[in-house]
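Below you'll find the structure, written out as structure tokens, and then a few comments.
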Amino acid sequence: TPDTATRDGNAALALGYRERLGEIGLNLNGAVATGAAGAGTWGLNGRLDFGGFELGAGYREFNFGQAAAGDADRRMDLGLGFSGTGWQLSAGFSLGWARGEAGDSPVGMFSLAGGYTPAAGWDLRADLNFIELRNGKRESPENRAGAVVVISSILTF
């Protein structure tokens, strides 16, 4: 289904395809957007599901107004999930690069998530994310690593 929007010299186009082939679900989509200053972004994503398992992958490239300086950001994602009656488990990996005059600065993230639905409209979720950032400047290599835990309770009315 195409979707377009324009505002103040910006334009976007998104296309998606969804198909059910027996018990296998397929979902593909892509998008591209441009701005008045020549900045833009584009991405492709896909997902397969079968028997409660989902496998997804995506690639995006961003350069919001930085085209003249040669800066851009790229990101690749890969995830696997499983859902049963009332509960979900998933794992994902993201690898991104912030490109600039100093070189590439890679960012990696590994995520584990779990969820449970004790009642209709009430979801409990826990996420654990491990993140590592490497500085692209060769004369000052400062690397960072960290972990984030998010626990949430979501009520839907």
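If you count the sequence shown from 1, you need to add 23 to reach the working numbering.
Idealized CB from N, CA, C, for every residue including glycine.
All of these numbers come straight from a predicted model, not from anything done at the bench.
- Contact between L51 and G39 is confirmed by a C-beta separation of about 7 Å, below the 8 Å threshold.
- Per the coordinates, the alpha-carbon of L71 lies some 23 Å from the alpha-carbon of T140.
- F116 and G69 have their C-alpha atoms some 15 Å from each other.
- Setting aside the 5 residues that flank it on each side, G169 is surrounded in the same chain by I154, each with a C-beta closer than 7 Å to its C-beta; the list follows chain order.
- In this structure, G119 places its C-beta atom within 8 Å of the C-beta atom of D96.
- From the listed residues G104, A54, A136, the smallest Cα separation to A35 is found for A54.
- Relative to G63, the option among G48, N86, L49 whose CA is nearest is N86.
- Residues of the same chain with a CB within less than 6 Å of the CB of Y82, apart from the 5 flanking positions on each side, are L67, M99 in chain order.
- Non-local C-beta neighbours of G137 in its own chain, meaning closer than 6 Å and more than five positions away in sequence, comprise L112, A149, ordered along the chain.
- Taking the Cα positions, T108 is about 40 Å away from A121.
- DSSP, reduced to helix, strand and coil, places F133 within a strand of the structure shown.
- Under the DSSP definition of a beta bridge, G58 lacks any partner.
- Each of P129, A143, S128, L135 was checked against the Cα of F105, and the nearest Cα belongs to L135.
- Minimum Cα-Cα distance from A56 among the listed residues I174, W110, A143, E84 corresponds to E84.
- Leaving aside the five residues that flank P129 on each side, the residues in its chain whose CB is nearer than 6 Å to its CB run, in chain order, W120, R157.
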